[in-house]
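Numbering (UniProt numbering), first residue to last: 1 to 357.
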Amino acid sequence: MAAHPPKTKILISANKRLQNLKEAFEKKYGEAPLFYAQAPGRVNLIGEHIDYCGYAVLPMAIEQSILAAVTVNDSKKINLANTEPKYKDFTVSSEDMEIDKDNPQWYYYFLCGVKGIQEHLGKVPLSGMKCVVDGTIPASSGLSSSSALVCCAALLTMEVNHKSLNKVALAEISAKCERYIGTEGGGMDQSISFLAEEGTAKLIEFQPLRASDVRLPEGAVFVISNCCVEMNKAATSHFNIRVVECRIATKMLAKARGLEWGRLLKLSQVQTELEASLEEMLRLVAEVLHPEPYSREEVCKALGITTEQLCTDLLSPNTQHGKTLVLLPVIFQSFHSEQDHNLVLFRSTVLTNNIKF
């Protein structure tokens, strides 16, 4: 699993998408690309919203992807363009990259990947580059177009600067650096983008990051339907509020059982500390938390903290405005999703070994 991203020679004229991208690049910059980088989107089969709780997820990559054409120069400038006209060009110095969390434009996601690699390398000076990006993942559709863009940018930044990182390192860097745009994800999207393999879904586990093949029955087909309702994770608080609610519930459960709750951020950490089964954790949740929304004052009283500490230590910048927090329903969903993994992995093992129920 710790292999490096593959480098493949492809006949451009035999691939219509690459040929179109090459032509767009030449039209934009007056020169041919030096190389191309690609990162796929994903669909999650089981485990919605539990990666940031520390639990395993079961995604697989899809054919739709982010594809970028690149040249390298010594200008110390990053020039970005997109084949989709509605996404505007952008140029920035590689020595002075600013990511505006309040204005989540497509190029800021790209810069997340660039900045992540730069910081991993010790904030070394980066080479200049010119890029044209092409995407076939529907934007804001829940198929990780934004994470694929971050991953693609990290991958090509590594290559531009003649560095070598394995897939696991790239996935971990990309998961961390996407938070520069304000999204507090758990790492599933970036992990499957780098660790995916053709013909198999992946059970992705964390702490440490690892992926196992989950081969599906012969002839299995997944149909992905786009409802065309867009949701930009970084532009709203809808995603981060669930992360925050799980974080707060984690601390309340830990405190209720006498653990050092201040250092615990994820539900899986509480379960590990208690050496509890999922069934025992579900009983704990039902005992400690109530189904009605919690007010800020109620959370502060339960944890023995001030409102200022709540805002500074537990809430994200785009969840500061909320007046209530729903804790029990999201925690129940997290544990039930984790239980589903055990069932599906068992069934997958049985089916792929040609044993009937």
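By construction, the Cβ of each residue, glycine as well, lies at the ideal position given by its N, Cα and C atoms.
Whether residue i touches residue j by CB criterion (8 Å)
{"i": "residue 45", "j": "residue 196", "result": "no"}
{"i": "residue 38", "j": "residue 66", "result": "yes"}
{"i": "residue 124", "j": "residue 68", "result": "no"}
{"i": "residue 320", "j": "residue 54", "result": "no"}
{"i": "residue 224", "j": "residue 62", "result": "yes"}
{"i": "residue 145", "j": "residue 304", "result": "no"}
{"i": "residue 107", "j": "residue 80", "result": "yes"}
{"i": "residue 326", "j": "residue 245", "result": "yes"}
{"i": "residue 114", "j": "residue 78", "result": "yes"}
{"i": "residue 177", "j": "residue 262", "result": "no"}
{"i": "residue 257", "j": "residue 278", "result": "no"}
{"i": "residue 290", "j": "residue 164", "result": "no"}
Exposure label - residue i; buried when at least 16 CB within 10 Å
{"i": "residue 252", "result": "buried"}
{"i": "residue 120", "result": "buried"}
{"i": "residue 240", "result": "buried"}
{"i": "residue 312", "result": "exposed"}
{"i": "residue 147", "result": "buried"}
{"i": "residue 350", "result": "With a pLDDT of 38 at residue 350, under the threshold of 50, the modelled position of that residue is not reliable, and the figure given next carries that caveat. The residue in question, residue 350, is exposed, as its Cβ has fewer than 16 Cβ neighbours within 10 Å."}
{"i": "residue 359", "result": "Residue 359 is absent from the structure shown; the chain starts at 1 and stops at 357."}
{"i": "residue 10", "result": "exposed"}
{"i": "residue 93", "result": "exposed"}
{"i": "residue 96", "result": "exposed"}
{"i": "residue 6", "result": "exposed"}
{"i": "residue 191", "result": "buried"}
{"i": "residue 159", "result": "buried"}
{"i": "residue 2", "result": "exposed"}
{"i": "residue 13", "result": "exposed"}
DSSP three-state assignment for residue i, whether helix, strand or coil
{"i": "residue 39", "result": "strand"}
{"i": "residue 295", "result": "strand"}
{"i": "residue 232", "result": "coil"}
{"i": "residue 167", "result": "helix"}
{"i": "residue 78", "result": "strand"}
{"i": "residue 318", "result": "helix"}
{"i": "residue 237", "result": "coil"}
{"i": "residue 301", "result": "helix"}
{"i": "residue 2", "result": "coil"}
{"i": "residue 248", "result": "helix"}
{"i": "residue 257", "result": "coil"}
{"i": "residue 286", "result": "helix"}
{"i": "residue 64", "result": "strand"}
{"i": "residue 200", "result": "strand"}
{"i": "residue 71", "result": "strand"}
{"i": "residue 325", "result": "strand"}
{"i": "residue 243", "result": "helix"}
{"i": "residue 221", "result": "coil"}
{"i": "residue 91", "result": "strand"}
Spatial distance of residue i from residue j (CA atoms)
{"i": "residue 186", "j": "residue 49", "result": "8 Å"}
{"i": "residue 215", "j": "residue 199", "result": "7 Å"}
{"i": "residue 56", "j": "residue 19", "result": "39 Å"}
{"i": "residue 206", "j": "residue 212", "result": "12 Å"}
{"i": "residue 32", "j": "residue 134", "result": "16 Å"}
{"i": "residue 29", "j": "residue 170", "result": "29 Å"}
{"i": "residue 328", "j": "residue 286", "result": "8 Å"}
{"i": "residue 220", "j": "residue 296", "result": "47 Å"}
{"i": "residue 86", "j": "residue 230", "result": "15 Å"}
{"i": "residue 139", "j": "residue 75", "result": "31 Å"}
{"i": "residue 99", "j": "residue 73", "result": "23 Å"}
{"i": "residue 88", "j": "residue 243", "result": "31 Å"}
{"i": "residue 59", "j": "residue 209", "result": "14 Å"}
{"i": "residue 294", "j": "residue 35", "result": "52 Å"}
{"i": "residue 236", "j": "residue 310", "result": "20 Å"}
{"i": "residue 111", "j": "residue 168", "result": "20 Å"}
{"i": "residue 151", "j": "residue 181", "result": "14 Å"}
{"i": "residue 149", "j": "residue 288", "result": "40 Å"}
{"i": "residue 265", "j": "residue 299", "result": "15 Å"}
Could you pull out every unbroken beta strand (DSSP E) segment of at least 3 residues lying fully inside the region 9-59, listed in chain order?
35-46
Output the residue ranges of the beta strand (DSSP E) runs that lie fully inside the UniProt domain "GHMP kinase N-terminal" (110-195) and measure 3 residues or longer, sorted by chain position.
128-135
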